[in-house]
Amino acid sequence: MLTAILLSLAGLVGLAIGGELLVRGAVGIAQKLGVSTLFTGLVIVGFATSMPEMVASVQASLAGSPEIAWGNIVGSNLANTLLILGVSALVAPIVLTGTGRRDAVVALGATLLLWGLALSGAGSRWIGFALLFGIIAYIVWRYRHPGAAMQEEESEDGPQNGVIATALFVVGLGILVLGGDALVTGAIALATIFKVPETVIGLTIVAVGTSLPELAASIAAAVRGKSALALGNVVGSNIYNILLIGGATMSIAPFALPGELAGLQMALLTASAAGLLALLWMAKKIGRALGAVLLAAFIGNVVLVFA
3 MLTAILLSLA
13 GLVGLAIGGE
23 LLVRGAVGIA
33 QKLGVSTLFT
43 GLVIVGFATS
53 MPEMVASVQA
63 SLAGSPEIAW
73 GNIVGSNLAN
83 TLLILGVSAL
93 VAPIVLTGTG
103 RRDAVVALGA
113 TLLLWGLALS
123 GAGSRWIGFA
133 LLFGIIAYIV
143 WRYRHPGAAM
153 QEEESEDGPQ
163 NGVIATALFV
173 VGLGILVLGG
183 DALVTGAIAL
193 ATIFKVPETV
203 IGLTIVAVGT
213 SLPELAASIA
223 AAVRGKSALA
233 LGNVVGSNIY
243 NILLIGGATM
253 SIAPFALPGE
263 LAGLQMALLT
273 ASAAGLLALL
283 WMAKKIGRAL
293 GAVLLAAFIG
303 NVVLVFA
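If you count by the working numbering, then the sequence shown holds residues 3 to 309, one letter each, in order.
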């Protein structure tokens, strides 16, 4: 058991460190190439911060554990909306200025699509390819129609030296792969030892672990008063998780979504996506009180899952 715990912890640390290095390297490369801030934030950083989830889900699928793979995707999105937004709002209220409304609509649509796949029990490489096409279409659409808020977004600073940036990217990717492998191996072992369903492990331990980069980024943005960045990080990550990571996972290992996800978890995920969209349209901010409610909902769901 000790080995399984150490593997899981080492994997979590590896994902956190690897994700940070990968993001900084990717931003540095983009700046060196003279790519626009919009493209850097939407494509480069968005892709890079999704790597922990992708590595963990793909490796879980290849290891014959689709429950962990898809549990990670659903759990990561729940963590994004409930845990990350909740904690960020507790640190500093998140002002809602209309930013992200269109993206929240896309996120809700992707969530409903995922729920449909879970209910139907469908799983094939063609579905995976369709999801990947969806993320490409979203990127192209967002690039052509950036909106005022997107034009004002700022990317994180990256190293100015191209060699250093490339080295950070490669090293970060390597650490991510190793960390993801360790986390999945440890998680499967823990599920076996404690006789906990792998879906539960994916929804909780793996999902929270792979969401650490988003958690750190959103808290940092909230502290600096950059509400749009904190919110955009969450909404964008939710879209990438379903379309990019879900698409890659099903393309490589075409397993259907576990039936356990089709009920309460997908209902909660859809409710959280719809609730966030409603907040963006009707509320002026996510205050500390609402942040506490979101965090309590996440903790309550974790307790319910393990019950």
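Just so it is clear, CB atoms sit at the ideal spot from N, CA and C, and this is done for glycine as well.
message: According to DSSP, simplified to helix, strand and coil, what is K228?
response: DSSP, read as helix, strand or coil, puts K228 in coil.
- prompt: Straight-line CA distance for G302 to A81?
  reply: Separation of G302 and A81 (C-alpha to C-alpha, rounded to the nearest whole angstrom) is 12 Å.
query: How should W72 be labelled, buried or exposed, when 16 other C-beta atoms within 10 angstroms of its C-beta is the threshold for buried?
result: Label assigned to W72: buried.
Top-ranked residue by Cα proximity to V198, from T5, E69 and G16: The option with the nearest alpha carbon to V198 is E69.
- prompt: Grouping DSSP H, G and I as helix and E and B as strand, with all else coil, what is K287?
  reply: Strand, per DSSP.
query: Just how far apart, CA to CA, sit F135 and L92?
result: Spanning the two alpha carbons is a distance of roughly 37 Å.
message: Considering only DSSP beta bridges, list what I96 is partnered with.
response: Answer is I288, bridged to I96.
message: Is there a C-beta anywhere in chain E that falls below 8 Å from the one on F49?
response: In the displayed structure, chain E is absent; only one protein chain is listed.
- request: Give the secondary structure of M3 by DSSP, where H, G and I count as helix, E and B as strand, and everything else as coil.
  value: When DSSP states are grouped into helix, strand and coil, M3 belongs to the coil group.
query: Would you call the region 185-194 and the region 25-36 in contact, with 3 or more CB pairs under 8 Å?
result: Proximity of the region 185-194 to the region 25-36 falls short of the contact definition, fewer than three beta-carbon pairs being nearer than 8 Å.
query: Taking contact to mean at least 3 C-beta pairs separated by less than 8 Å, is the region 174-192 in contact with the region 276-290?
result: By the Cβ rule, the region 174-192 does not count as touching the region 276-290, because fewer than three pairs are nearer than 8 Å.
query: For T212 versus A58, is the C-beta spacing smaller than 8 Å?
result: Going by C-beta atoms, T212 is nearer than 8 Å to A58.
message: Checking 8 Å against the spacing of the C-beta atoms, do G20 and G234 come in under that value?
response: Here G20 is not near G234, since their CB atoms are 8 Å or more apart.
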